[in-house]
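Notes follow the structure.
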Amino acid sequence: MNRPEIIAMHPNGNANVRAAMTGFARRCMLKEFHTAIACFKGTLMYKLAMGPLSEFRRREFDKILKPYTHTHPLHELARLVSMKAGFKTLYRHEIGRFSVDAVYQQMDMLLAKRILSGAHGDAVYAFEDGAASSFEAAKSKGIKTYYDLPIGYWRMARQLLEQERELRPDWAPTITGFNDSLAKLDRKDRELELADEIFVASSFTAKTLNAYPGNLAPVHVIPYGFPKVNESKQYATDKSKPLKVLFVGGLSQRKGLANVFEAAEALGSSVELTVVGSKGHVDCPALDKALQSCKWIPSLPHHAILNLMREMDVLAFPSLFEGFGLVITEAMSQGTPVITTDRTAGPDIITHKHDGWLIEAGSTDALTEILSLLQDDRQRIAQAGINAQKTAGKRTWINYGDDLANRVHQVFHQIEQVKHGY
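Residue 102 is where the sequence shown starts when you use the numbering used here, and the numbers rise one by one after that.
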């Protein structure tokens with residue numbers, strides 16, 4: 102069976118993007134991969150990626166992708182320089198000349214022009230906020246359109262998070278998704294409208310698409326993979342010491358941060374809370390006050406976050422709206438069990454009370470109850486942590502990339518068979 106040739110685009114190349122592209126390449130399906138900056142081991146850019154250029158190491162891709170990769174760095178470099186220099190007007194949300202949205206749309210238009218000028222492929226694989234123009238071009242050329250939605254659908258986000266803003270108005274400034282313009286939201290809907298197939302990483306993300314007002318293409322749930330398992334974790338057994346609780350993520354109530362602080366306050370000195378995440382430019386007195394009650398680390402490199410996870414007893418990630426939640430898989434791979442909610446990938450990858458805990462989103466009582474239980478019974482933590490590593494070892498990023506490539510291959514040929522009446 103012939104393999105479809107995929108033209109793909111993503112400006113940054115996050116962990117899931119790198120795994121997806123590697124999966125396509127391993128299956129001999131990748132025709133072209135377009136990104137802003139790409140770094141490969143052994144190249145001059147890789148050797149120079151130190152000090153001020155260390156950001157480039159975060160854009161490292163598997164060497165298998167090198168023959169297929171096309172870089173378009175100017176807008177992304179300008180964004181990075183603007184952020185380093187503090188030129189906020191240049192990278193301001195949506196309207197800045199070098200905002201994240203501008204980078205996505207510029208690359209989307211570049212890919213659209215390439216398709217219209219004759220770039221050949223069987224399908225375009227693109228991601229949310231960077232697919233509208235290239236999908237329209239692909240449709241005009243009879244090329245299939247495959248859409249990757251990494252976070253839940255915006256209409257459902259507004260429905261659920263508006264309830265939270267009313268419940269906790271003092272934390273409302275941290276829920277920034279309401280800042281998106283009507284034009285941006287219309288563009289998201291246009292991307293969904295143009296998609297022939299939709300790929301998501303969690304059952305929760307798939308459920309949020311029920312709020313889409315029109316007809317949708319088939320939705321495929323393929324959970325992300327886990328990082329490499331690290332078996333060096335030591336589990337604390339002395340329950341006279343405080344339970345070490347970690348939160349990692351953007352400092353927003355979208356991620357249930359207020360619930361974490363409330364649970365920690367309820368348990369008092371029996372809990373030692375560490376929070377890792379950036380405030381950004383949000384003005385929220387409630388957040389500022391809460392951060393004074395914990396150990397707050399605004400930023401850490403990825404390897405340092407993994408090291409910190411191994412030092413903690415449990416990761417609390419009670420998100421109210423999450424497409425997946427990579428910190429869940431990261432913590433589990435380090436042997437640190439996770440408490441998370443039914444609005445993350447938790448139900449897809451965690452077995453409740455076996456390798457982690459699942460609670461109702463927004464429930465401080467449920468979070469407090471589990472933390473109190475773990476404070477009194479440290480053996481539960483050790484057993485869940487060991488089980489979490491076993492779970493992590495069964496699904497690597499390579500597994501995710503292969504599963505995605507296999508599904509794309511499958512649906513492409515199903516459509517072709519229907520088209521030809523087989």
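The beta-carbon is built from N, C-alpha and C at its ideal position, and this holds for glycine as well.
Item: Taking only three categories from DSSP, how would you classify I482?; Value: helix
Item: Between the stretch 415 to 433 and the stretch 385 to 394, do at least 3 Cβ pairs fall closer than 8 Å?; Value: no
Item: Can you tell me whether K491 is helix, strand or coil according to DSSP?; Value: helix
Item: Under a three-way DSSP split, which group does L347 fall into?; Value: strand
Item: Between Y169 and V225, what straight-line distance do the alpha-carbon atoms span, to the nearest angstrom?; Value: 14 Å
Item: How would you label I138, buried or exposed, when you count the other beta carbons within 10 angstroms and need 16 or more for buried?; Value: buried
Item: Indicate the three-state DSSP secondary structure (helix, strand or coil) for M413 in the structure shown.; Value: coil
Item: In angstroms, rounded to a whole number, what distance separates the CA positions of P274 and A485?; Value: 35 Å
Item: Which class does Y247 belong to by DSSP, given the choice of helix, strand or coil?; Value: strand
Item: So what's A227 in DSSP terms, helix, strand or just coil?; Value: strand
Item: Could you tell me which of G369, I108, F327, T277 sits nearest to G222, measuring between CA atoms?; Value: I108
Item: For G124, name the three-state secondary structure that DSSP assigns.; Value: helix
Item: A227 and M110: beta carbons closer than 8 Å?; Value: yes
Item: Does S303 pass the burial test, meaning 16 or more other C-beta atoms within 10 Å, or should it be called exposed?; Value: buried
Item: Give every residue of the same chain whose Cβ lies closer than 7 Å to the Cβ of S473, excluding the five residues on either side of it in the sequence, and list them in chain order.; Value: L368
Item: Determine which residues share a DSSP beta bridge with T441 and list them.; Value: F418, L459
Item: Going along the chain, which residues of its own chain have a beta-carbon closer than 6 Å to the beta-carbon of D230, five neighbours each way excluded?; Value: Y205
Item: By the 10 Å Cβ neighbour count, where 16 or more other Cβ atoms means buried, how is S218 classified, buried or exposed?; Value: exposed
Item: Three or more C-beta pairs under 8 Å: does that hold for the stretch 435 to 449 against the stretch 395 to 415?; Value: yes
Item: Indicate whether G378 and T497 have their beta-carbon atoms separated by less than 8 Å.; Value: no
Item: Report the residue ranges of all alpha helix (DSSP H) runs contained in full by the stretch 360 to 405; include only those spanning at least 4 residues, in chain order.; Value: 386 to 392
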